[in-house]
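Enquirer: Structure in structure tokens, see below.
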Amino acid sequence: MNSLERFSSRARDYAAFRPSYPREAVDAVLEGLGDPRRLTVADVGAGTGISSRLFADRGASVIAIEPNARMREAAQPHPRVSWREGTGERTALLDASVDLVVACQAFHWFATAASLEEFRRIARRRAAMLQYERDECHPFTKAFGKIVRAYATDDTELLRAKALEIFRGFPHARVRAGTAHFKQSLNGYALLGRIASASYLPSDGPAAGALRAEIEALFERHREGDRVDLMMVTHVLCADW
132 MNSLERFSSR
142 ARDYAAFRPS
152 YPREAVDAVL
162 EGLGDPRRLT
172 VADVGAGTGI
182 SSRLFADRGA
192 SVIAIEPNAR
202 MREAAQPHPR
212 VSWREGTGER
222 TALLDASVDL
232 VVACQAFHWF
242 ATAASLEEFR
252 RIARRRAAML
262 QYERDECHPF
272 TKAFGKIVRA
282 YATDDTELLR
292 AKALEIFRGF
302 PHARVRAGTA
312 HFKQSLNGYA
322 LLGRIASASY
332 LPSDGPAAGA
342 LRAEIEALFE
352 RHREGDRVDL
362 MMVTHVLCAD
372 W
């Protein structure tokens, strides 16, 4: 499936049910850059603007770059976020036109040397990556991950690992790395929405029905009250020049 179009049918679920990023992860990305209100940030592969709004909430002016029209349309408006069509390799921004470029959960779909070159071209000071994954040290999250892997049509865990490796090798830059843990608390409806937001999981047909049944049964086994906690860890990488 074309990575530029793969989320077209998932945009509303993505906007509604994907998690945000922990405050300390955003703190790490902004560290040493001064007053965020004076920063211009490019969020590349911005999706529905989850990460864009976090930096805008700190006072930064954010240019959200997203190739998929339906993802842009599903974004919640923010007065400090402006939207543009573009890709990781071709943002259409001017040279050294932003203080910081960030790539978040979508980076593994465009983790290429060409994207890193584009980041270096448009950013004056820093490029950063925020990427979360399940923390399967916890029983519910481990069981959830097992079900997801059984139905996945793409090995996104491998793609994310490769994306981290590519960013760690950012050429001609000083790269630092850290992690930030968080949890996403979900009721049964939201847990199914989380599944529906994933482009690598079936959305219709017998496989989708079987996946839904397994997730519903898992929720019933692990819920406390009407919720379960999906434990996550965010990888934070910053490249400075």
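All residue numbers for the sequence shown refer to this note's numbering, where the first residue is 132 and numbers rise by one. Using N, Cα and C, we set each Cβ at its ideal position, and we do this for glycine too. The structure displayed is predicted, hence computed values, not measured ones.
1) In chain order, what residues of the same chain have a beta carbon less than 6 angstroms from the beta carbon of Ala146, not counting five sequence neighbours either side?
2) According to DSSP, is Met132 helix, strand or coil?
3) Can you list, in chain order, the residues of its chain with a C-beta nearer than 7 angstroms to that of Gly190? Leave out the 5 residues immediately preceding and following it.
4) Candidates Leu164, Ala242, Arg149: which alpha carbon is nearest Ala292's?
5) With H, G and I counted as helix, E and B as strand and the rest as coil, what does DSSP make of Ser328?
6) Quick check on the DSSP output: the beta strand (DSSP E) that includes Thr171 runs from which residue to which?
7) For Thr222, which residues in the same chain have their Cβ closer than 7 angstroms to its Cβ, ignoring the five residues on either side in sequence?
8) With DSSP collapsed to three states, give me the class of Ala234.
9) Bridge partners for Tyr263 per DSSP, in chain order?
10) On the DSSP letters alone, give me the boundaries of the beta strand (DSSP E) that Gly309 sits inside.
11) So for Glu288, helix, strand or coil by DSSP?
12) Going by alpha carbons, who is nearest to Ala338 out of Arg358, Ala283, Ser316?
13) Does the count of Cβ pairs from the stretch 218 to 234 and the stretch 266 to 283 closer than 8 angstroms reach three?
14) Could you check if Ala187 is buried or exposed, using at least 16 other CB atoms within 10 Å of its CB as the buried criterion?
15) In the DSSP assignment, find the unbroken beta strand (DSSP E) run with Arg215 in it and report its ends.
16) Just how far apart, CA to CA, sit Pro270 and Thr365?
17) Does the Cβ-Cβ distance between Val367 and Leu261 come in under 8 angstroms?
18) Using three-state DSSP, classify Asp226 as helix, strand or coil.
19) Could you say which of Glu264, Asp286, Ile346 lies nearest to Ile278 if we only look at CA atoms?
20) Among the residues of its own chain, which have a CB less than 7 angstroms from the CB of Ala237, if the five just before and after it don't count?
21) For the candidate residues Asn199, Ala341, Ser328, whose alpha-carbon lies nearest to that of Asp144?
Expert: Taking the coordinates as given:
1) Working through the sequence shown from its first residue, we reach residue 146 at position 15. Taken in chain order, the residues that qualify are Thr179, Ala205.
2) The sequence position of residue 132 within the sequence shown is 1, counting from 1. Because Met132 sits at a pLDDT of 46, beneath the cut-off of 50, its placement in the model cannot be relied upon, and the following sentence gives the value as read from the coordinates. Coil, per DSSP.
3) Within the sequence shown, residue 190 is the residue found at index 59, counting from 1. Correct list, in chain order: Pro167, Arg168.
4) Numbered from its first residue, the sequence shown carries residue 292 at position 161. Comparing Cα-Cα distances from Ala292 to each of Leu164, Ala242, Arg149, the minimum goes to Ala242.
5) Position 197 of the sequence shown holds residue 328. Three-state result, Ser328: coil.
6) Here residue 171 refers to the residue found at position 40 of the sequence shown. Taken as a continuous stretch (DSSP letters only), the beta strand (DSSP E) holding Thr171 covers 171 to 175.
7) Residue numbering aside, residue 222 sits at position 91 when the sequence shown is read from its first letter. So the qualifying residues of the chain are Ala173, Val175, Ile196, Glu249, Ile253.
8) Translated into the one-based positions of the sequence shown, residue 234 becomes position 103. Of the three classes helix, strand and coil, the one that applies to Ala234 here is strand, per DSSP.
9) Taking the first residue of the sequence shown as 1, we reach residue 263 at position 132. Paired residues: Thr365.
10) The residue you call residue 309 lines up with position 178 of the sequence shown. That run of the beta strand (DSSP E) goes 305 to 317.
11) In the sequence shown, residue 288 corresponds to position 157, counting from 1. Glu288 falls in the helix class under three-state DSSP.
12) On the sequence shown, residue 338 is found 207 positions in, with the first residue counted as 1. Out of Arg358, Ala283, Ser316, Ala283 has the C-alpha closest to the C-alpha of Ala338.
13) no
14) Stepping through the sequence shown from its first residue, residue 187 is reached at position 56. Buried: at least 16 other Cβ atoms inside 10 Å.
15) The residue you call residue 215 lines up with position 84 of the sequence shown. 212 to 215 is the span of the beta strand (DSSP E), which, as asked, contains Arg215.
16) For the purposes of this step, residue 270 is taken as the residue at position 139 of the sequence shown. For the purposes of this step, residue 365 is taken as the residue at position 234 of the sequence shown. Going from the Cα of Pro270 to the Cα of Thr365 covers about 19 angstroms.
17) Counting from one through the sequence shown, the residue named residue 367 turns up at place 236. Counting from one through the sequence shown, the residue named residue 261 turns up at place 130. The answer is yes: Cβ separation under 8 angstroms.
18) Here residue 226 corresponds to residue number 95 of the sequence shown, with the count starting at 1. Residue state, collapsed to three classes: coil.
19) Position 147 of the sequence shown, counted from the first residue, corresponds to residue 278. Of Glu264, Asp286, Ile346, the residue nearest in Cα terms is Ile346.
20) Working through the sequence shown from its first residue, we reach residue 237 at position 106. Only Gly176, Gly178 meet the Cβ criterion.
21) On the sequence shown, position 13 is the one that residue 144 refers to. It is Ser328.
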